[in-house]
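Student: Offset between the sequence shown (1-based) and this note's numbering: plus 13.
By construction, the Cβ of each residue, glycine as well, lies at the ideal position given by its N, Cα and C atoms.
The model shown is predicted, which means the values in this text are computed figures rather than measured ones.
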Amino acid sequence: MSALLTANEFDRLEALIDATLRLANDEIDAVAAVERGEIDQPFWYVRIAGDAKQHFSAEYTLGQRTLVVESYFMPEPDENREALFAHLLTRNASMHPIHFVVGSENAIYLRGQVDNRHVDADMVDRMLAAVYDYTEQFFVPAMRMGFESRFNR
Numbered sequence: 014m015s016a017l018l019t020a021n022e023f024d025r026l027e028a029l030i031d032a033t034l035r036l037a038n039d040e041i042d043a044v045a046a047v048e049r050g051e052i053d054q055p056f057w058y059v060r061i062a063g064d065a066k067q068h069f070s071a072e073y074t075l076g077q078r079t080l081v082v083e084s085y086f087m088p089e090p091d092e093n094r095e096a097l098f099a100h101l102l103t104r105n106a107s108m109h110p111i112h113f114v115v116g117s118e119n120a121i122y123l124r125g126q127v128d129n130r131h132v133d134a135d136m137v138d139r140m141l142a143a144v145y146d147y148t149e150q151f152f153v154p155a156m157r158m159g160f161e162s163r164f165n166r
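(1) Which partner residues of Met1 appear in the DSSP bridge assignment?
(2) I'd like to know whether the C-beta atoms of Leu123 and Val144 end up nearer to each other than 8 Å.
(3) Do you know offhand how far Val81's Cα is from Val132's?
(4) Going by beta-carbon coordinates alone, are Met140 and Ile111 separated by less than 8 Å?
(5) Exposed or buried, what is Leu102 when buried is set at 16 or more other beta-carbons lying within 10 Å of its beta-carbon?
(6) Taking the alpha-carbon of Ala16 as reference, which of Asn93, Thr33, Arg130 has the nearest alpha-carbon?
(7) On the DSSP letters alone, give me the boundaries of the alpha helix (DSSP H) that Val144 sits inside.
(8) Looking at C-beta atoms only, is the number of pairs between the segment 87-99 and the segment 17-27 that lie closer than 8 Å three or more?
(9) Buried or exposed, going by whether 16 or more other CB atoms sit within 10 Å of the CB of Phe164?
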C-alpha cells in the first residue's frame, strides 16, 4: 500500500489536476466542459463530445492514495453477454491506463486508478485521452454486440 501524501503534497496534486483539466478544456475541442466539486474527496467531471458516442464524461476522483478516473461506457447488455464480456476482457490486455470493468447495475465502465505518487500532468492527459480513444474505438462494436437485435431491425 502506498504512503499517504502530506497535506501540502495533496494540495499541490489537486492544483495540478485542476490546472491540467482546465487547460484541456481550453485547448481540446472534444472537451465540452470541466466541472469541479468536492463531497468527501475532490472530483472533476469532464464532459466530452465524441463521434461514436455523442456525449460522455470522465470523472476524476482524488483520494488519499490514488487518482481514479471512471467513465460510463454502456448499459448492461441485453444479448450476447458472455461474448461481449469476453471481447472486452480480451481488449483489457492491451489497454492502459484505463480498462473495462462491470459497475453498478451491471453496466460497463472504463476505469483507471493510479497511485498519487505517479500522477503528473502527462498522466492526467493520458487518462483523458484513453477514455476518449477507447470510447470512440469500442463503443459502436460493443453496442452492436450487446444489443444486436436493435441494430438489425
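Tutor: For this structure:
(1) A question about residue 1 goes unanswered here, because the residues of the chain that appear run from 14 up to 166.
(2) yes
(3) 11 Å
(4) yes
(5) exposed
(6) Arg130
(7) 134-159
(8) Segments in contact, no.
(9) exposed
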